[in-house]
Amino acid sequence: MQSWCTDLQIGILEREASRQGDADLEIGTPCFRGFTVKLPTCSRRYSSRLPSPSRRNPALPWRPPQRRSPMSAAPRLALTALLLLGTAPAFAGDLGVQSKIDAVAVYPDGATVTRVIEFDIPAGETALVAKDLPPGLDTASIRVDMHEAAGVSLAGTDIASALDDGAVPDAAAGKALRDLKDQREGLAGIGKALLAKRGLIERFANGATFNATKEGSNVTALRGAWNAVGEDMTEVNEALRQNAVKIRDLDEEIARLESQRDGRPEGRKRTQLRLSVTAEQRAKGRIAISYLIGNAGWTPLYDARLDSDKGELELVRRAKVTQATGEDWSDVALTISTARATTGAAPPRLASYILNFQPDYDVLPAEALARSRAEESDARPAPPVAQAAPAQPRPGREAEAKLNTAGYQSVWALPARASVPSGPGSKALRLASATLSPEIVARAVPSMQQTAFLEASFSNGEDTPLFPGSVSIYRDGLYAGQTAMPLATKGEPVRLGFGADDSIKVERAVTRKVESNTGIARPTTSERRDYKISLRNGRPNAIKLSIEEALPVAENKDIKVEPSAQMTPPTQRDADNRRGVLVWTVDLAPNAVKDINFGYKVTWPSTETINLD
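Those letters in the sequence shown? Residues 1 to 613, per the UniProt record's numbering, in order.
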């Protein structure tokens, strides 16, 4: 806020006094001091009533301005003063303050930012004005905490939009960028001039002819010309090289500044918060302001480190924090919460589920429908739109639900302050870790891939669920890839894969495949298939191995499926509620070998065709 009256204000008052001819009226700025206004409309209004000397008709005698009574001048001046006062953007008691981000609570779909305002105010009423709040905050979520403002009471808050006043890093960076680009444009022009000069030298060298003189020969003249051309060409090439180096350095500096700005424009909009406070006496303190803002959140990440010799699994929770709020979170107290800020506080209200017969729809081809409409239009005039009967709406479809994985609310407070810049990047923060004793199993599906994969199984023993996220897996200290963490609440089992184990050999071979036909009146076809699965443990320690095979499942009563009589009894049938899936679990000592027999017979009518492959 500026503390002087603008020239426009003084000019308006002076012209008004001159028009009224009040010689005793004193025009000055003290009564309007402290206000800055913009009156384009008023200035045009008054200036149109003040003809300049050049516009005055010289044929008419000049008359001095008539003195008007103070009673007639007072209302006009009062109106002018009111117009000036009504456009003032601030109040005399406003005190501009700066706020600083002190703490941030990050949710999966937003963040609560807490800013701190430090103040030193005199006794009485004061308005603290902070113009540095971001534009995208939820104004309904703003909360003011006065616990560290002893002796100060809050009378009210006002929220408005504002623009940066230019004293921000973005404006400085923008000016620096413009200067650098101007310099680059100048260097580019110098480069074009040097290239043109080199072209002239080359054309001169190619087209010049020399005549011998009495004092010298053609060779002597040519050598002198060659030396001159060579010196000039060397000088131009060196200038081009130095110019290119300068352009390269400018390009690097321009790229660096643009990456720092993160695309944030100058003079961006901000949110202005005005706090009306009253102090019993001179007071110092802090006021905390918190609000909810979008364009921020976190996603779960995990590190799973398996030590197969010790049989231990270290599971590390991490949070991948991203934010594009337009301002950096620098040195803030950061907390990670599983609560969802935009989900709502109560479940939706379920409406009645009504069933009824669907109405008949007369669906015509496009050509027939157009022809029918044309004939109807020719037969009678089109009725007004308001009289037309509304079309029968088609039944709506139920919207699909969005999965909400937050089963409980948990909060992690980071032990040290952290910084998260605004932009497309992210920051991974470690939240917690646990050492588990999982069950390590080598699992294989020979019908699809004759490879054994290590798998660690454990139950979630924490109150906080394991949320879906990416898991970086490490086996015996080496990175083995990535897998996905499923949602698991307390007590639910979790299985994580740790890659292929080449020390375990799995082979699947067909031992019998026979097809036969029987019957005359009702002929049937049958096919028998038998397999042998060979396992060998090449590890130095014992391992539990799980083999999966699928027994065909018939969904027609005329199809019969019979397991082979020589099949090794499975450990589990219909594993994980998968029909027909058989599981054999065996313990293999080092260098041990194990064979599993699997087979079945399928019978169906010969008039039908099925595909067993």
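Every residue gets a Cβ at the ideal spot worked out from N, C-alpha and C, and that includes glycine.
### Query
Run through DSSP, which three-state label would V602 get?
Here residue 602 refers to the residue found at position 602 when the sequence shown is read from its first residue. Of the three classes helix, strand and coil, the one that applies to V602 here is strand, per DSSP.
### Task
Spatial neighbours of R198 within its chain, please: CB distance less than 6 Å, with the 5 preceding and 5 following residues excluded, ordered by chain position.
For this step, residue 198 is matched to residue 198 along the sequence shown. For R198, where only same-chain residues beyond five positions count, the Cβ hits under 6 Å are V236.
### Task
Could you tell me which residues DSSP pairs with Y302 in its beta bridges?
On the sequence shown, residue 302 is found 302 positions in, with the first residue counted as 1. Y302 is bridged to R317, V471.
#### Entry: Burial state of T271 (16 or more Cβ within 10 Å)
The residue given as residue 271 occupies position 271 in the sequence shown. With 16 or more other Cβ atoms within 10 Å, it is buried.
### Query
Roughly how far, in whole angstroms, is the beta-carbon of V494 from the beta-carbon of L466, given that I think they are within contact range, below 8 Å?
Position 494 of the sequence shown, counting from 1, holds the residue named residue 494. Position 466 of the sequence shown, counting from 1, holds the residue named residue 466. 6 Å between Cβ atoms; contact.
### Query
In angstroms, rounded to a whole number, what distance separates the CA positions of E492 and N460?
Start at 1 with the first residue of the sequence shown, and residue 492 comes out as number 492. Start at 1 with the first residue of the sequence shown, and residue 460 comes out as number 460. Cα to Cα, the separation comes out at about 6 Å.
### Task
Provide the residue(s) that pair with T585 in DSSP beta bridges, ordered along the chain.
The residue labelled residue 585 in the question sits at position 585 within the sequence shown. According to DSSP, residue pairing for T585 in a beta bridge involves S546.
### Task
Please classify Y479: is it buried, with 16 or more other beta-carbons within 10 angstroms of its beta-carbon, or exposed?
The residue you call residue 479 lines up with position 479 of the sequence shown. With fewer than 16 neighbouring CB atoms inside 10 Å of its own CB, Y479 falls in the exposed class.
### Query
What three-state label does DSSP hand E608 in the structure shown?
Sequence index remark: in the sequence shown, residue 608 carries index 608 (1-based). It is coil, neither helix nor strand.
### Query
For G481, which option in T322, P415, D303 has the closest C-alpha, if you only look at C-alpha atoms?
To locate residue 481, count along the sequence shown from 1; it is residue 481. Residue D303 is the option with its Cα nearest to G481.
### Task
Determine the contact status of A255 and L194, defining contact as a CB-CB distance below 8 Å.
Reading the sequence shown from its first residue, position 255 is the one you call residue 255. Reading the sequence shown from its first residue, position 194 is the one you call residue 194. No, the Cβ-Cβ distance between A255 and L194 is not below 8 Å.
### Query
What number of angstroms, rounded off, separates the C-alpha of Q566 from the C-alpha of N537?
Within the sequence shown, numbered from 1, the residue matching residue 566 stands at position 566. Within the sequence shown, numbered from 1, the residue matching residue 537 stands at position 537. A straight-line Cα-Cα distance of about 24 Å links Q566 and N537.
#### Entry: For F498, the three-state DSSP class (helix, strand or coil)
Position 498 of the sequence shown, counted from the first residue, corresponds to residue 498. DSSP places F498 in strand when its eight states are reduced to three.
### Task
Let me know if S606 comes out buried or exposed under the rule of 16 or more other beta-carbons within 10 Å of its beta-carbon.
Locating residue 606 in the sequence shown gives position 606, counting from the first residue. Result: exposed.
### Distance between N227 and K192 (C-alpha atoms, nearest Å)
Within the sequence shown, the letter at position 192 stands for residue 192. Within the sequence shown, the letter at position 227 stands for residue 227. Each residue's Cα considered, the two are about 25 Å apart.
### Task
In angstroms with no decimal places, state the Cα-to-Cα distance between S426 and A103.
In the sequence shown, counting from the first residue as 1, residue 426 sits at position 426. In the sequence shown, counting from the first residue as 1, residue 103 sits at position 103. Distance between the alpha carbons of S426 and A103: 18 Å.
### Query
In angstroms, rounded to a whole number, what distance separates the CA positions of G224 and E202?
Within the sequence shown, numbered from 1, the residue matching residue 224 stands at position 224. Within the sequence shown, numbered from 1, the residue matching residue 202 stands at position 202. Approximately 16 Å between the Cα atoms of the pair.
### Beta-carbon gap between F598 and I533 smaller than 8 Å
Along the sequence shown, one-based indexing puts residue 598 at 598. Along the sequence shown, one-based indexing puts residue 533 at 533. Their beta carbons are under 8 Å apart, which means F598 touches I533 by this criterion.
### CA nearest to the CA of A341, picked from V583, G96, Q281, V106
By one-based count along the sequence shown, residue 341 stands at place 341. With distances taken between Cα atoms, A341 lies closest to V106.
### Message
Using 8 Å as the cut-off, can you tell me whether the region 111-128 makes contact with the region 242-255, which would need three or more C-beta pairs spanning the two stretches below that distance?
### Response
no
### Task
Grab the span of the beta strand (DSSP E) containing M485 for me, first residue to last.
Residue 485 sits at position 485 when you count from the first residue of the sequence shown. Residues 478-485.
### Message
Using DSSP's beta-bridge definition, name the partner residues of N591.
### Response
Here residue 591 corresponds to residue number 591 of the sequence shown, with the count starting at 1. Note: N591 sits in no beta bridge, so no partner.
### Query
In this structure, does DSSP put I254 in helix, strand or coil?
Within the sequence shown, residue 254 is the residue found at index 254, counting from 1. I254: helix per DSSP, three-state reduction.
### Query
Do S503 and T603 have their C-beta atoms closer together than 8 Å?
What you label residue 503 is simply residue 503 of the sequence shown in a count that begins at 1. What you label residue 603 is simply residue 603 of the sequence shown in a count that begins at 1. Contact: no.
### Message
Looking only at its chain, what residues have a beta carbon closer than 7 Å to the beta carbon of G151, apart from the 5 residues adjacent to it on each side?
### Response
Locating residue 151 in the sequence shown gives position 151, where the first residue counts as 1. Closer than 7 Å at the Cβ level, and outside the excluded window around G151, lie A279, E280, Q281, A283.
### Message
Please classify F357 as buried or exposed, where buried requires at least 16 other C-beta atoms within 10 Å of its C-beta.
### Response
In the sequence shown, counting from the first residue as 1, residue 357 sits at position 357. Looking at its Cβ environment, which holds fewer than 16 other Cβ atoms inside 10 Å, F357 is exposed.
### Task
Please name the residue in P300, N295, L180 whose C-alpha comes closest to that of D251.
In the sequence shown, counting from the first residue as 1, residue 251 sits at position 251. With distances taken between Cα atoms, D251 lies closest to L180.
### Query
Can you list, in chain order, the residues of its chain whose CB lies under 6 Å from that of V129, leaving out five sequence neighbours each side?
Along the sequence shown, one-based indexing puts residue 129 at 129. Taken in chain order, the residues that qualify are D94, G96, R274.
#### Entry: Host beta strand (DSSP E) of K284 (start-end)
Here the question's residue 284 lines up with position 284 in the sequence shown. Per DSSP, K284 belongs to the beta strand (DSSP E) from 283-293.
### Query
Which residues in the same chain as G499 place their Cβ atom closer than 8 Å to its Cβ, once the five residues preceding and following it in sequence are excluded?
Residue mapping note: residue 499 aligns to position 499 of the sequence shown, counting from 1. F453, L454, I473, R475, A480, G481, listed in sequence order.
### Query
Which of helix, strand or coil does DSSP assign to S457?
Translated into the one-based positions of the sequence shown, residue 457 becomes position 457. Residue state, collapsed to three classes: strand.
#### Entry: Sequence-distant residues of the same chain with beta carbon closer than 8 Å to R397, five excluded per side
Here residue 397 corresponds to residue number 397 of the sequence shown, with the count starting at 1. Confidence at R397 is low in this model, with a pLDDT of 38, below 50, so its placement is unreliable and the value that follows should be read with caution. Result list for R397: empty, nothing under 8 Å.
### Query
With 16 as the cutoff for other CB atoms within 10 Å, does G326 come out buried or exposed?
Within the sequence shown, the letter at position 326 stands for residue 326. Classification of G326: buried, given that the 10 Å Cβ count is 16 or more.
### Distance, L200 Cα to N206 Cα
The residue given as residue 206 occupies position 206 in the sequence shown. The residue given as residue 200 occupies position 200 in the sequence shown. Looking at the two C-alpha atoms, the distance is approximately 10 Å.
### Query
Since P563 sits in a beta bridge, which residues does DSSP pair it with?
Locating residue 563 in the sequence shown gives position 563, counting from the first residue. Y600, per the DSSP bridge assignment.
### N-terminal and C-terminal residue of the beta strand (DSSP E) that L431 is part of
Along the sequence shown, one-based indexing puts residue 431 at 431. Note, L431: beta strand (DSSP E), 427-436.
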